[in-house]
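Here the structure is laid out as structure tokens; the discussion comes afterwards.
In my numbering, the protein residues as written are 696 to 883.
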């Protein structure tokens, strides 16, 4: 959901947690996954870029501040970048952020939900001190097959972190799970 009206002095913290595991690519004739135009990962990156661009357009002429975190993950976090979006942000700065962080063609093996959720949790705790309204967008196509905590309960380990994020009354977060393949892993 995109907010078109911003309150005076509103501060948002938007974390985009984006799966870039091999299964987000396209399977070739030999059964290998690779990045191709239009694959799930390409589509997800473009959607996040469009959303951030829409936010930038919506805050023009306001004093709203949007802190953006972009976490990419496969077997572990392989990118964790932040960007501050205000009405003073130029189109060139916005385009540079999108070019730098939302045009990757790299895919990695394994899927670990716990690691990126820990990064998002830490980030939310750091920006909340500024009174931000927090939103988490978790974008994935599959099931985790690895976790930081070890063991075989990969979903359960990630779910513990997720539940801490959405259940923390001191740092409230509106979480949206965006399933690429129709699977919904977490619900609020």
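Just so it is clear, CB atoms sit at the ideal spot from N, CA and C, and this is done for glycine as well.
Check your understanding: Cα separation between residue 743 and residue 710?
Key -> For residue 743 and residue 710, the distance between alpha carbons rounds to 11 angstroms.
Point to revise | Given residue 770 as reference, the closest of 858, 844, 821 and 861 once Cα atoms are compared | key: Per the Cα distances, 844.
Check your understanding: So is the beta-carbon of residue 850 under 7 angstroms away from any non-hydrogen atom of the ligand NAP?
Key -> As for the ligand NAP, it is missing from this structure, which has no ligand bound.
Review point. Exposed or buried, which one is residue 882 when buried takes at least 16 other CB atoms within 10 Å?
Key: Residue placement at residue 882 is flagged as unreliable, the pLDDT there being 44, under the threshold of 50; a coordinate-derived value is accordingly withheld.
Review point. At a cut of 8 angstroms, does the stretch 733-752 reach the stretch 840-858 through at least three beta carbon pairs?
Key: no
Point to revise | Nonlocal neighbours in the same chain, by C-beta distance under 7 angstroms from residue 810, ignoring five residues either side | key: Closer than 7 angstroms at Cβ, skipping near neighbours: 768, 771, 772 and 843.
Review point. Based on the DSSP output, what are the partners of residue 710 in its beta bridges?
Key: Beta-bridge pairing links residue 710 to 764 and 831.
Review point. When DSSP labels each residue in this structure, what does residue 841 get in the three-state scheme?
Key: coil
**Study point:** residue 852: first and last residue of the uninterrupted alpha helix (DSSP H) it sits in
**Key:** 849-862 is the span of the alpha helix (DSSP H), which, as asked, contains residue 852.
Exercise for review: Compute the Euclidean distance between the alpha carbons of residue 788 and residue 746, then round it to the nearest angstrom.
Suggested key: Each residue's Cα considered, the two are about 16 angstroms apart.
Check your understanding: The beta strand (DSSP E) spanning residue 781 covers which residue range?
Key -> 772-781
Review point. Is residue 800 helix, strand or coil by DSSP?
Key: coil
Exercise for review: Inspect the CB distances between the stretch 713-728 and the stretch 790-804 and report whether three or more fall short of 8 angstroms.
Suggested key: yes
Point to revise | Reduced DSSP secondary structure (H/G/I, E/B, other) of residue 871 | key: In this structure, residue 871 counts as strand in the three-state DSSP scheme.
Check your understanding: How many angstroms separate the CA atom of residue 807 from the CA atom of residue 758?
Key -> 37 angstroms
Point to revise | Residue-level contact to chain D via CB, residue 805, 8 angstroms cutoff | key: No chain D is part of this structure, which consists of one protein chain only.
**Study point:** Strand pairing of residue 728, partner residues [DSSP]
**Key:** 722
Check your understanding: If we call anything under 8 angstroms between Cβ atoms a contact, is residue 853 one with residue 712?
Key -> no
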